[in-house]
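Beneath this line is the structure, given in structure tokens, with notes to follow.
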Amino acid sequence: MNRYFMYLMLLNMMASAIIFVPKILIDARFHGAVMSLIIAVPIGTGFSFLLSKALERFPNKGLPEILDLVAPKWLKYTVLIMLPVFWYVAGAMTLVGFIDILERFINPEAPKWMILMIYLVVLCITIELPTLRVMYLLEIILFMNSPFIFFMIYKAFTDDYMSWDSILEACTHVFEWPSLTTIATASFVFCGYTNLIIFNRLFKEKLKFWNFAAVILLGVFNLFTSYFIPIGINGIDGSHAFLYPWIATADSLRLVYSPIERAIFLFLMLYISITLMSVVVHWHVGYELISGMNEKKSTLKKWIIVGIFMAGTIPAILFLDTIALFKIAGVFMVVRLGAEVFVIALTMYLTRRKPA
Amino acid sequence: MSATMMETIKMNLINRLQEAEDVVYKNLHTKEKYLEVLYIKTISDESVFYDKLIKPFFEIETPAQFLTYLQSNPQIKTFESESQTLDELLHGVAILFYQENIFLFDNKVDHNKQVLDTTVETTVQGPQSGFSESLSVNLGLIRQRYPSAELSVESMSVGTISKTKVMVLHDRKFADPDTLSRIKQFLSSIDVQMFQTGEQLLDIIKNSNRALLPVMLVTERPDRVAVNLATGKIIVLVHGSPFAVILPTVMKDFMSSMEDIYETYWTVNCLKVLRYLGFVVSIVLPGLYVAVTSYNPELFRVQLALSIAGSRAGVPYPSFFEVLFMLIMMEMLTEASIRLPKAIGPTATTVGGLILGQAATEAGLVSNIMIIIVSAVAISNFVIPINSFSITIRVMKYFVLVTSTFFGLAGCVLGFLMIIAYLVRLDSFGEPFLTLIQSKP
């Protein structure tokens, strides 16, 4: 089993499970959310299978190198200008969304841009690390955090106030026709594989069957957790009332024997690093795509790209409120699904052009 | 034994030894006789050699008589096999080639008399002696523990004025040639006037000559050097210093004590967990205290939050000032107790630790909880086995303290992550400093 592939998938599942996905899905709980969960699993695993199969033909190469090898110049530049936008926006949305959460639940007095500043400082030093080092950092952070996160999920499942009847009731709405937005949102959980277009540089061996089996299992578990637990704890009607259903859920958990009684603090402290890592991975991909446009590596160029990345988030923090953020997120999910299809089609096309 | 066979054995022995300065190959002549000797002088006693071999060689006239002398001397054994001879040679035995015989002349020297006891990296069990201040004795100590023919010793001089002799040791079988050439290039590029000890390299390695973290391990234990040689590390010995430098070094090495191989498996693993816990606690705890008391007192359960707040009730200034005040007092206490003579040391600790701590609380300058936190930070800092790394951690906790003072709980977590990211970013001669698992997938 290739552990780096699993890290990318797991990270994306964890990071996406709390900010946008539960809210968008729970809003549509009577309008096909359950069905879109069911549809998302084959879409997500299928896409990840297709992309990794296509990239297998180019071991140890990222997309910029592959484009250099087989694509005409105009195609290379169009792709490398267009694609980073998606990764940048994905990272920025996670960042802005999570800072909104932090401001609401941890630091209500401090202005948002202060929290943004400290995040940006960390991002500054991490996104331009070599790809392998980003992976090392990801490995360490997952190692430190995921045991606690799984413990929290376990606590949520065994909570006294968890109402399985509400969950069953939510399940009865399974035969509703889902909208494209909910399908795209649910499949966002699986989109960690798209980072392969850069992280393929680290992959020598082929992905095994077990990788995809584990992805299906984790994905189903993760979707179930992020959609049904808020419903189980807050009730099928009540869960709708929260801006961030998962955070409200974590806030209703109580760790009876721990010095930290309210689970939300533990939960948010763990998620500070998980979200950070998710942004780092997305922005690292964006950064590498842009800097892959030409061979020359200079410090000035590096800092210009990093500076643009940083600067883009400041207006987003200042002018976007939560409602606007969710509207943008809904649109982005659909556009992103289209971009995924494009990336897969592009890589498959490039594989066919590869001289045997 | 035929002359040609002896000749091939001799050549084999010389060829299998890595070229080293302490390997002596000498011919002795008189009118009638002719003797060849091969030995490693740093681990042989040359005065014994002179009394028992060279004197008789010139006093006894006929070749046959000298042969009888050699055969009857209890210190001299006869040749058994080539590999055994090589082993003995590496343990300090001189090899004699006389007429058509090969003799092993035992004049091993015991360096332990001259070496110092370990004071910095002490262990409860295992070897207790460290290096001496003589380069050749140190090399001998390493050779005694690492009798391998693959051990290669190269020497060079560093420092424009001091011209200090430096030896670079590695095992040719395990060491990575890229790393080796990088290290040699680094050593030859050093531009410094006085080079006194290996610790100076810690700063010189950064181009700016300003480093926070050590990326090489300075040790006083020959057993650590021997163990590291076998894992392919490269050793730098400096003349006049009882410390050896081990390169390249990653975080795992800083977190391991030599005792790890002298204890049982589960004990060692628990101790390692304890050390990493100490690492995290001593970096995060002061910052966490500020973040919790000043930003998010609701983090803890009510009883605990109240008792912290109650203990802080008499303290007239914000928590970050309280933490800074106590931490600086603690640093001063630590520094003072290092410099003080052994006889006054305990007094300083009593006055500083007990009386000052007690009085500060009663005077309402700091809270009780603060005293506990400062002591916990100090103690968990000393859990780190390597001194240079534990001093680095002492500095790093102030960084987390600053980020949590300004940004609260998020600043505390992100400050810690920044330190982790910095560790991941570092490398020691091409080897990543911090990884979870050292191998690749």
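Which chain is which? The protein sequence lines are Z and V, in order.
Start counting at 1 in the first sequence, then tack on 1, and there's your number in this note's numbering.
Start counting at 1 in the second sequence, then tack on 1185, and there's your number in this note's numbering.
Note that beta-carbon positions come from the ideal geometry of N, C-alpha and C, so glycine has one too.
query: Are the beta-carbon atoms belonging to glycine 1499 of chain V and serine 1560 of chain V less than 9 Å from one another?
result: no
- request: Could you tell me which of Z/Phe158, Z/Ile150, Z/Ser188 and Z/Ile273 sits nearest to serine 37 of chain Z, measuring between CA atoms?
  value: Z/Ser188
field: As assigned by DSSP and simplified to three states, the class of aspartate 322 of chain Z
entry: coil
- request: For cysteine 1597 of chain V, count neighbouring Cβ atoms within 10 angstroms of its own Cβ and tell me buried if that reaches 16, exposed if not.
  value: buried
- prompt: Among V/Ser1573, V/Ser1441, V/Val1587 and V/Gly1425, which residue has its Cα nearest to the Cα of valine 1412 of chain V?
  reply: V/Ser1441
message: Any C-beta of chain V within less than 9 Å: which residues of the region 108-119 of chain Z qualify?
response: Asn108, Glu110, Ala111, Met115, Ile116, Met118 and Ile119
query: Does the Cβ-Cβ distance between asparagine 1323 of chain V and leucine 1422 of chain V come in under 9 Å?
result: yes
message: Taking the straight line between their C-alpha atoms, what separation do you get for isoleucine 1431 of chain V and valine 1410 of chain V?
response: 7 Å
- prompt: In the structure shown, what three-state DSSP assignment does methionine 1440 of chain V receive?
  reply: coil
message: Below 8 Å on the Cβ atoms is my contact criterion, and I expect leucine 124 of chain Z with valine 280 of chain Z to pass it. Report the Cβ-Cβ distance as a whole number of Å.
response: 6 Å
message: Does the contact criterion of 3 or more C-beta pairs under 8 Å hold for the region 188-198 of chain Z versus the region 13-22 of chain Z?
response: yes
- prompt: Assuming valine 1477 of chain V contacts threonine 1590 of chain V under a Cβ cut-off of 8 Å, what Cβ separation, rounded to an integer in Å, is found between them?
  reply: Between threonine 1590 of chain V and valine 1477 of chain V the Cβ distance is about 12 Å, and since that is not below 8 Å, they are no contact.
6 Å CB neighbourhood of isoleucine 291 of chain Z in its chain, flanking five on each side removed: Pro85 and Ile306
Proximal residues to valine 135 of chain Z (C-beta, below 6 Å), its chain only, five neighbours per side dropped: His285
message: Contact defined as beta carbons within less than 8 Å: I believe isoleucine 40 of chain Z pairs with proline 246 of chain Z. What is the distance between those atoms, to the nearest angstrom?
response: With 8 Å as the limit, isoleucine 40 of chain Z and proline 246 of chain Z do not qualify as a contact, their Cβ atoms being about 21 Å apart.
query: Helix or strand or just coil, what does DSSP make of threonine 1590 of chain V?
result: helix
Nearest-angstrom Cβ-Cβ length linking leucine 1372 of chain V and methionine 1352 of chain V, presumed shorter than 8 Å: About 11 Å separates the two Cβ atoms, so there is no contact after all.
message: Any beta carbon from chain V within less than 9 Å of isoleucine 315 of chain Z's own beta carbon?
response: no
- prompt: Would you call the region 229-239 of chain Z and the region 196-214 of chain Z touching, i.e. three or more CB-CB distances under 8 Å?
  reply: no
- request: Write down every uninterrupted run of the alpha helix (DSSP H) in the region 1349-1408 of chain V whose length is 4 residues or greater and which is fully enclosed by it, in chain order.
  value: 1362-1373 and 1386-1389
field: Among Z/Ile315, Z/Lys302, Z/Leu133 and Z/Ala312, the one whose alpha carbon lies nearest that of tyrosine 5 of chain Z
entry: Z/Leu133
query: Roughly how many angstroms lie between the CA atoms of proline 1626 of chain V and asparagine 3 of chain Z, to the nearest whole one?
result: Bear in mind that a pLDDT of 34 at proline 1626 of chain V, under 50, signals an unreliable position, so the model cannot answer this.
Through-space distance from alanine 1205 of chain V to phenylalanine 1243 of chain V, alpha-carbon basis: 29 Å
message: Just verifying my parser: in three-state terms, what is the DSSP assignment at lysine 1625 of chain V?
response: Low confidence applies here, because lysine 1625 of chain V scores a pLDDT of 38, under 50, leaving its location unreliable and the question unanswered by this model.
- request: Tell me arginine 255 of chain Z's beta-bridge partners as DSSP assigns them.
  value: Z/Arg263
message: Can you tell me whether proline 1259 of chain V is buried or exposed? The criterion is at least 16 other CB atoms within 10 Å of its CB, across all chains shown.
response: exposed
query: Looking only at its own chain, which residues have a Cβ that is under 6 Å from the Cβ of valine 71 of chain Z, when we skip the five neighbours before and after it?
result: Leu351, Arg354 and Lys355
- request: Flag glycine 1600 of chain V as yes if its beta-carbon sits less than 9 Å from any beta-carbon of chain Z, otherwise no.
  value: yes
Where histidine 174 of chain Z falls: helix, strand or coil (DSSP): helix
message: Would you say proline 1172 of chain V lies against chain Z (beta-carbon separation less than 9 Å)?
response: Past the edges of chain V, shown from 1186 to 1626, lies residue 1172 of chain V, and the structure says nothing about it.
Sub-9 Å separation of isoleucine 142 of chain Z and isoleucine 275 of chain Z beta-carbons: yes
message: Using a 10 Å radius around the Cβ and a threshold of 16 neighbouring Cβ atoms, would you call valine 1214 of chain V buried or exposed?
response: Contrary to the premise, residue 1214 of chain V reads as histidine rather than valine in this sequence. It is exposed - the Cβ of histidine 1214 of chain V has fewer than 16 other Cβ atoms within 10 Å.
- request: Please decide whether arginine 1486 of chain V counts as near chain Z, where near means a Cβ-Cβ distance under 9 Å.
  value: yes
field: Environment of serine 299 of chain Z [buried if 16+ CB atoms lie within 10 Å]
entry: exposed
Chain V contact for glutamate 57 of chain Z (CB, 9 Å cutoff): no
field: Contact between the region 1344-1364 of chain V and the region 1211-1229 of chain V (3+ Cβ pairs under 8 Å)
entry: no
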